[in-house]
Amino acid sequence: MAGKDCVKVAVRVRPFNKREREAGSRCVVSMAANTITIQDPRNPHVRRTFTFDYAYWSHSGFVRNRDGLFAAEEPGGRYADQGSVFNDLGQGILENALQGYNATLLAYGQTGSGKSYSMVGYGPNKGLVPTLCERLFQAVRANQDSCQCQVFFSMLEIYNEQVIDLLSRGGRSLGGLRVREDQLRGFYVEGLRRVPCDSAARVEQLMEQGTRTRTTAATHMNANSSRSHMLIIAQLKQIFSKENITKQSNINLVDLAGSERQRSSGLEADRLKEGTAINVSLTTLGNVISSLADAALGKKAVHIPYRDSVLTKLLQSALGGNSRTVMIATLSPSDICYEESLSTLRYAERAKRIQNKAVVNESPTERLVKELKAENAKLVLRLSRLGQEGRKTEEETKELRRLLTHNEMQIKAIQTLWEQHLQEALKDWEMQYATITQERRMMQMHPYMLNINEDPQLSGVVKLFIQEGDWDVGLSEGTSRAIPIKGLGIQERHAVFTNEDRRVSVTPVAGAKVMVNGLPIMYRTELQHLDRLILGSSSTYLFIGFPCERGADDWSRYDYDYFQSELAAAEGIHIPTLCEDQSQASGEPSVESSQTDPSLLAVFYDYIKLIPMVTEANQMSQELSKGVEFKLEIKNLAMSDCRGRDLEKDIAVRVTSLENKQVWMWSKAKFINRKFLMEEVYHQQKQQQQQAESALGEGQGSGSKRLVLARDRDPFWDPLEPLHLGSAHLWLQSLAFRIPLEEQVEVLGPEGTEEAILQAQLLPCSPMGLPLGEEDILIDPTELLGKRLDFQLFLEQCCGLRWLKEAKNRGVQIGLRVYDCPQSFYTPAVWHNANPLLEHRVHFSAMRTSQDLLNYLQSSALVLELWGLQEGCADMVSSLEGLRLTPEGSFIIDKASAPDPSMLECPASVSDLRSSLRALHQDMEQLRSVNAALRKENSSLREQLNRGPGPEGGRGRVERHGSLRPSCDAELARALKVFYHSMTSLRAQLQRLRRHRPSEEADLLGLRLFVDEQSRLLRDFGEQLELSVTALKQDVATIVRRKRERSGIWS
């Protein structure tokens, strides 16, 4: 009977990597026994706790010993090394396999979270797979007296729903290997090579061969290894002669593709599916795990979607079937990986609920052969009947013959002696060993190029030797002096490498893209030891010079990120530049590299990650004649919110149609999804071309045809949408004093470029929209509290629109959102004019000004967003949903302190509105007359109170006091108004100073002129600032002197 075994789940937390250390990351994961707690870095009070079968802390508390092994700093420390992980997980898998159970180990986690280290390891720190193989053959040797053990090794990769045999002798079949289903065996890969092994060393050699094939396949298919799944299958057959029993178990070791989640800030809906063929296996695996978890909780009629992907077909027995399964989930403890780590923990928690039904796979050897022969006899009988009946069942006949052939192969495999299998494998190994020996000999004689891959395990696998003379590098293999390479953007004859007089140089062929140390080259260039080369779009190589030049150099620091950082630096994107741009935009001094903003580092690493993807997308666009260009941009690099705080930075991709200059902006998540869809289209086109060329060679075709896609299915196209071009800040402080403001503000783009100049006014006004006079200016803004405040925003004109200078068939709109208004307001669209008149006016009212609104006015700005329109793009429309209007028709802000909406219902007709306004004016006049009478009465009372010894003296003092405050207040308000306008002008000058930079092409004379100009601007700024402050001091001193004179206390 099969017992129920739950999937055992282990979680391992790795150390910070280089990126996370440089970003100043904070650890948000803690561990106690088998319980893991993860803390939300944005809200430290939010913690989530998970419990698993095993939990391994490998983040800290370790040292590297003399043998290169990582071990705990102190005896008994909590650091979990590779040995600890194997003892808990690998040893159990081995024991289950020896007992005849199928056993599976799944490694899950985001790219770079430590899956490969746990599974394979590096250097002396061997992972689960090599250690498991060593222990397996130790057990085989220990049991060789009681049974004959046979071990077969297979290695495959699943990419884009295609199965690639990594140990295949021949070339890769078009479309990959097929996955079939057998009633007894379940799903299996037809034609997958099974290599017999008699030692762990042989397995290690086969893994090296598989890694080499995987590297080559990734280059040929333009594939990203982090998006592929790798399966290692070790089949253990134990034949017990005395008992006439055969136990057969499959050990599946699965390194799943990276489980990246896009950050919520960059996540957006895409009109095209996100579950592409590249992603479908991991998505379906999640659905299978969720369904199995639901079934384990007792839910009935749960459909398990095993058949929806290649991966889940092959893992059917491992998940809910005949297998004992272990999952190891790897985590980054960094705060910048919080979303991905939390997703991994949730995934693992669902997996631990899955229940399998494992049984010992044993059967009488002779009976198995008899059963297969009997089944073959039945198949032959069915075939003969079909032939006699003359039925047209070609497909059925073909399937029966396939089953017959398959059974015959199984019988042959059982009856073939184990020694024969080993002899065949030994011949293959001798040929491979000769090739490896030759390669090692050439490494000691010639310079060569070493491949560098995003996956560290695939780096250093391919070596292109440059012997003496000229060598053509490219797709062509037609000559003896050719070095064939494949990849996106590689031409038939791409470059010529010359080894002459112990010097190596590279000469690009016309039209070929060759970069050395991050810079494109056009002419012959001599190479130095450890130079970095990029051929085509993304074929990266490290040049290794002559043996005498090498010394003890460690080339491991030249990893894939190093290459991309060089490319970014060549484009002017590196950490010092980003810090400088940000500080200039914010007006704050730049910080040292040790204090670099972690968000800037995260953006920088995103940027270098996307550089090769953008390059590949451009190459595919060119080869498929799409006429679309992609360019990376840093979003919000120089932008801030309404309070002047920096906005969260992110990466965006600018997409431009070269034909009609149409522009799209894609988020990082959308571009990555589209990039995978582009790869599918590209591969389909290449397959179609290969088929057409093959048919043409056989005289059955007329040549290749271009793949035609409907526009709504084309990943290179999107419907046009308004583009956010930039924003300007109009500070609201003047409204707190009821002082009008007229200003020209600059609209700055995401990267700090000037997109336009906007002329705008803020006008305090009456409820009817009439401008206020100087007597309405306030000295103390708190006088507004509880009172009504009305103001108008007047957008007059937009000048120097860069968006319109690039293409005339475009338009713009200005958008804004005020305080607590739920909707944005938009100006009408204006087209075909680089200096359009807007003349747009909006009236806002606060019925009873609250302290919160007053704080907003004193510390915030109105953010005016510039939106770009294109022909075929719908205008942006202001929505009035959720907005409330005053009887005068102005928009109400500060709703929390506004009166009940029923009091603000609009009159039913224009006549009602006019009568209401007339009544309001009459009430206002009555209030003014009452106010004047009260003032007069107050003056007389004050005169009586202050009347001293002399009636004349007392009366004069009262008169002076009565007229003193209004006149002094008005004078002070006027002085403040003049000073405020001066400060506005100074702020504009300061912004010009921040943006004033020398030209990148400037020579020494140009730099001297720039320094002189900068000195003049600084001098003018200082003089104007000093004049403004001096004028304010003089005005205040004059007002104080007059006040004392009028008070009679001036001496």
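The number in this note's numbering is simply the position in the sequence shown, starting from 1, with 249 added. Even glycine gets a Cβ: it sits at the ideal position worked out from N, Cα and C. Owing to the predicted nature of the structure, the values given are computational and were not obtained by experimental measurement.
Could you give the DSSP three-state label for F1093: helix, strand or coil? strand
DSSP three-state assignment for S842, whether helix, strand or coil: Its pLDDT being 41, under 50, S842 is placed unreliably in this model, and the value from its coordinates should be taken loosely. Correct three-state label for S842: helix.
Same chain, Cβ closer than 6 Å to E1154, five either side skipped, listed in chain order: Annotation note: pLDDT 44 at E1154 (below 50); position unreliable, no value reported.
Measure from the C-beta of G310 to each C-beta in chain B and report whether the shortest distance is under 7 Å. The chain labelled as chain B is not found in the depicted structure, where only one protein chain is given.
In DSSP terms, what H978 is bridged to: V1112
Three-state secondary structure (DSSP) at R1209? At R1209 the pLDDT is 41, less than 50, meaning the model places this residue with poor confidence; the figure from the coordinates comes in the next sentence. In the structure shown, R1209 sits in a helix (DSSP, three-state: H, G or I).
Closest by CA to L502, which one among Q458, Q454 and T353? Among Q458, Q454 and T353, the Cα nearest to that of L502 belongs to T353.
Coarse secondary structure for Q1263, derived from DSSP in three states: helix
Which parts of the segment 544-592 are runs of the beta strand (DSSP E), unbroken and 3 residues or longer, counting only runs that do not cross its ends? Here the runs fully enclosed are 573-580.
Less than 7 Å between the beta carbons of L580 and S367, yes or no? no
Which whole-angstrom value is the C-beta distance of L997 and S976, which I expect to be below 8 Å? 7 Å
Put H478 into one of helix, strand or coil per three-state DSSP. strand
Between L881 and V852, which are expected to be in contact by the criterion C-beta below 8 Å, what is the C-beta distance as a whole number of angstroms? Between V852 and L881 the Cβ distance is about 11 Å, and since that is not below 8 Å, they are no contact.
From the DSSP output, read off the bridge partner residues of G718. The partner list for G718 (beta bridge, DSSP) reads N748.
Does DSSP put P964 in a helix, in a strand, or in coil? In this structure, P964 counts as coil in the three-state DSSP scheme.
Roughly how many angstroms lie between the CA atoms of S1015 and V1278, to the nearest whole one? 32 Å
Where does the unbroken beta strand (DSSP E) through M368 begin, and where does it stop? That residue, M368, is in no beta strand (DSSP E); its alpha helix (DSSP H) goes K364 to M368.
Spatial neighbours of G1331 in its chain, beta-carbon cut-off 6 Å, leaving aside the 5 residues before and after: Examination of residue 1331 is not possible in this model, given that the chain is present from 250 through 1300 alone.
Quick one: what does DSSP say R1214 is sitting in, helix, strand or coil? Caution is warranted here: a pLDDT of 49 is assigned to R1214, below 50, making its placement in the model unreliable, and no coordinate value can be reported.
Tell me the rounded alpha-carbon separation between I822 and I860. The straight-line gap from Cα to Cα measures roughly 11 Å.
Check each candidate in E929, L1115, C398 and D557 and name the one with the smallest Cα separation from R1051. R1051 has its Cα closest to that of L1115, out of E929, L1115, C398 and D557.
Reduced DSSP secondary structure (H/G/I, E/B, other) of Q484: strand
Answer yes or no: do D719 and R742 have a C-beta to C-beta separation smaller than 7 Å? no
How close, in whole Å, do the beta carbons of C1047 and P1020 come, if the pair is a contact with beta carbons under 8 Å? With 8 Å as the limit, C1047 and P1020 do not qualify as a contact, their Cβ atoms being about 23 Å apart.
Which residues in the same chain have their Cβ closer than 6 Å to the Cβ of D967, if we skip the five residues on either side of it in sequence? W913
Do the segment 1035-1043 and the segment 1086-1100 meet, that is, are 3 or more Cβ pairs less than 8 Å apart? Result yes; three or more Cβ-Cβ pairs closer than 8 Å.
Could you check what DSSP says for K1282 in three-state terms: helix, strand or coil? Of the three classes helix, strand and coil, the one that applies to K1282 here is helix, per DSSP.
I need the straight-line Cα distance from R1291 to Q1283, nearest angstrom please. When rounded, the distance between both Cα atoms is 12 Å.
Quick one: residues in its chain with C-beta nearer than 7 Å to the C-beta of A272, no 5 flanking neighbours on either side, listed in chain order? I585, P847, L850 and A851
Check each candidate in D808, L724, C382 and S754 and name the one with the smallest Cα separation from Q706. D808
Can you list, in chain order, the residues of its chain with a C-beta nearer than 6 Å to that of A674? Leave out the 5 residues immediately preceding and following it. Sequence-distant Cβ neighbours of A674 in its own chain, meaning closer than 6 Å and more than five residues away, are V444 and P445.
Buried or exposed: G736, going by 16 or more other Cβ atoms within 10 Å of its Cβ? Counting Cβ neighbours within 10 Å, G736 comes out buried, since at least 16 surround it.
Whole angstroms is fine: what's the gap from E430's alpha carbon to F401's? 20 Å
At what residues does the alpha helix (DSSP H) containing V814 begin and finish? Here residue 814 is Ser; the residue named in the question, Val, does not match the sequence. Per DSSP, S814 belongs to the alpha helix (DSSP H) from Y809 to A819.
Could you check the C-alpha separation between L671 and Y682 for me, to the nearest Å? 16 Å
If we ignore side chains and look at the alpha-carbon of each, how far apart do A1083 and E1055 end up? 10 Å
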